[in-house]
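Visitor: Provided herewith is a single structure, encoded as structure tokens, for subsequent inquiry.
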Amino acid sequence: MERTLVICKPDAVERGLVGEIIGRFERKGLRIAAAELRTLDRDVLARHYAEHVGKGFYDDLVAFMSRGPVLVAVVEGPGDAWSVVRQMMGATDPMKAAAGTIRGDFGTMVTENLVHGSDSAESARREVAVFFPGLRRE
962 MERTLVICKP DAVERGLVGE IIGRFERKGL RIAAAELRTL DRDVLARHYA EHVGKGFYDD
1022 LVAFMSRGPV LVAVVEGPGD AWSVVRQMMG ATDPMKAAAG TIRGDFGTMV TENLVHGSDS
1082 AESARREVAV FFPGLRRE
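This is how it looks when you write it as structure tokens:
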């Protein structure tokens, strides 16, 4: 089983879409290995978005991601779970995301696009360790 990180962002929590988003992953056959509702602070966000520190959009991204609670989850499944999650999320810009994807069905703006998913197996390992450092394999 491969693991990946999913974050239902503040806009998903505010709009009451967390159940729908997680349900889609579960109906696909993925399993939730860990999940927690929490408000992210600057330190955690700096580790999570390390590659974006110093970029023009970074401060707005941190403000958005820390404005309210998020659901942070570890999702697991056979093969490349991260790739399955990314396809289910849809394009970053909801206006370009296909119908049937999370962002295509529910997204309204590129800067608040409901959900984050790791973009590679390597990123998934790093991101899971940032948010769930003590999580062990079963």
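Everything in the sequence shown is counted per my numbering, starting at 962 for the first residue and increasing by one.
Where a beta carbon is used, it is the ideal one built from N, C-alpha and C, also for glycine.
Taking three-plus beta-carbon pairs below 8 Å as touching, is the region 1081-1093 in contact with the region 1034-1043?
Guide: Yes, the region 1081-1093 touches the region 1034-1043.
Visitor: For Leu1075, name the three-state secondary structure that DSSP assigns.
Guide: Coil, per DSSP.
Visitor: DSSP on Arg976, reduced to helix/strand/coil?
Guide: Arg976: coil per DSSP, three-state reduction.
Visitor: Do you know whose CA, among Lys989, Leu991, Arg1086 and Gly1068, lies nearest Pro971's CA?
Guide: Nearest C-alpha to Pro971: Gly1068.
Visitor: Determine the burial state of Pro1055: buried for a count of at least 16 other Cβ atoms within 10 Å of its Cβ, exposed for fewer.
Guide: By the neighbour-count rule (16 or more Cβ atoms within 10 Å), Pro1055 is buried.
Visitor: Could you tell me the alpha carbon to alpha carbon distance between Phe986 and Val1046, rounded to whole angstroms?
Guide: Whole-angstrom Cα-Cα distance: 7 Å.
Visitor: Out of Arg1098, Arg1087, Arg1097 and Thr1072, state which residue places its alpha-carbon closest to the alpha-carbon of Phe1018.
Guide: It is Thr1072 whose Cα lies nearest to the Cα of Phe1018.
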